[in-house]
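Read the structure below first, then the notes.
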Amino acid sequence: MFEPASRELMRFTSPPKACSYLPQETASLEYRVHAVMGEREYRERLRRGWRRHGAHFFRPACPQCRQCVSLRVLAHEFEPSRSQRRILRRNQDIEVVMQAPEATEDHVRLYNAYHAEMHERKGWPSHVIDRDEYEQAFLIGIWPFAREMLYFQERRLVGVGLVDVVRDAISSIYFFHDPAWRRQAPGVYSILQELEYCRRTGRPHLYLGYWISACPSMSYKGDYRPHELLEEYVGESQEPRWRRA
Numbered sequence: 213m214f215e216p217a218s219r220e221l222m223r224f225t226s227p228p229k230a231c232s233y234l235p236q237e238t239a240s241l242e243y244r245v246h247a248v249m250g251e252r253e254y255r256e257r258l259r260r261g262w263r264r265h266g267a268h269f270f271r272p273a274c275p276q277c278r279q280c281v282s283l284r285v286l287a288h289e290f291e292p293s294r295s296q297r298r299i300l301r302r303n304q305d306i307e308v309v310m311q312a313p314e315a316t317e318d319h320v321r322l323y324n325a326y327h328a329e330m331h332e333r334k335g336w337p338s339h340v341i342d343r344d345e346y347e348q349a350f351l352i353g354i355w356p357f358a359r360e361m362l363y364f365q366e367r368r369l370v371g372v373g374l375v376d377v378v379r380d381a382i383s384s385i386y387f388f389h390d391p392a393w394r395r396q397a398p399g400v401y402s403i404l405q406e407l408e409y410c411r412r413t414g415r416p417h418l419y420l421g422y423w424i425s426a427c428p429s430m431s432y433k434g435d436y437r438p439h440e441l442l443e444e445y446v447g448e449s450q451e452p453r454w455r456r457a
C-alpha cells in the first residue's frame, strides 16, 4: 500500500487560558499542522494521544492540570449495556453508510441545524457556515485514512460522523445530527456503530479522544468498557503506556 510522505507546515503551543471544560484550571494545547500524513505515522500519533481536526493535530500541554486523559475502547471485548441495547433497538430504522468524506449541501444544512440547536440549548457560539468553510474545517489536507459514517432515516441524512480508519483502530473525530433525532440518543448510537464497525472488521481499538472524569460533557466516555487510558503524553522516541481501566 502506498504511504504518502508526511509534510509538516508548522508547530506551536497555544498560550495558557481558562479551560472550557474545567473553568478553574488553565489549559494549553500542543499543535502540529500538516498538509499530508500517511497511515503508519498517524497510527503512532494516535498511540501518543494526538487528535486530528482537519489539518490540525493537537494534544494537551496544560501547565499543571492532567485531567484530560486519552481513552480508547477495547472494541473486541465491548458488550453494550442494557440501556445501550435499548438505544440500538430504538434506531433500527437508521441506515449507516461508510464512505470517503465529502461536503454536500446536506452536510452543511445538518451542521448548521445542529449548531443552531446547541446554541439555544447550551449557549454555544452562534455561527452559520457555508460549504467552503465546511471544507476548510474538515476536509483540507491529504489523509488516506479519513472516512465518514452517514446516518439516514427514510433516505434523509440525519447524522454525520467523521472518523479516521487505520489498520488497527478507528478514531472518532466529530459527530453532528438532525435536532429532531436527538430523542433517540444519536450520540450514543454513533459510538455503538463505530464499535460495531471495529468488531466486524477486526480492529481492536476505538479512540474516543479525551476523557475528563470531572466534566459531565466528557465523562460519558468512561461508560464504554473495557477501555484503556494513556498514562502520559510522550514524544516520538518513547513508548506510550496504556493501562486497562
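Counting in the working numbering, the sequence shown runs from 213 upward without gaps.
Ideal Cβ positions, reconstructed from N, Cα and C, are used throughout, including at glycine.
- In this structure residue 319 is buried. Its beta-carbon is surrounded by 16 or more other beta-carbon atoms within 10 angstroms.
- Rounded to whole angstroms, residue 330 and residue 389 show a C-alpha spacing of 11 angstroms.
- At the C-beta level, residue 359 and residue 310 come within 8 angstroms of one another.
- Annotation: the continuous beta strand (DSSP E) that includes residue 282 extends over 281 to 286.
- Taking the Cα of residue 383 as reference, the smallest distance to any Cα among 391, 364, 409 is reached at 409.
- If the five residues before and after residue 277 are omitted, its C-beta is found closer than 6 angstroms to the C-beta atoms of 237, all from its own chain and listed in chain order.
- Contact annotation: residue 369 and residue 313 have beta-carbon atoms that are not nearer than 8 angstroms.
- Distance from residue 264 to residue 435 at the Cβ level is roughly 24 angstroms; contact not present, criterion being Cβ atoms closer than 8 angstroms.
- By the 16-neighbour rule on beta-carbons within 10 angstroms, residue 222 is exposed.
- Assignment of residue 400 by DSSP, reduced to helix, strand and coil, places it in the helix class.
- Judged by DSSP in its simplified three-state form, residue 419 adopts strand.
- For residue 345, there is no enclosing beta strand (DSSP E); the enclosing alpha helix (DSSP H) has its first and last residue at 343 to 346.
- For residue 449, the three-state secondary structure derived from DSSP is coil.
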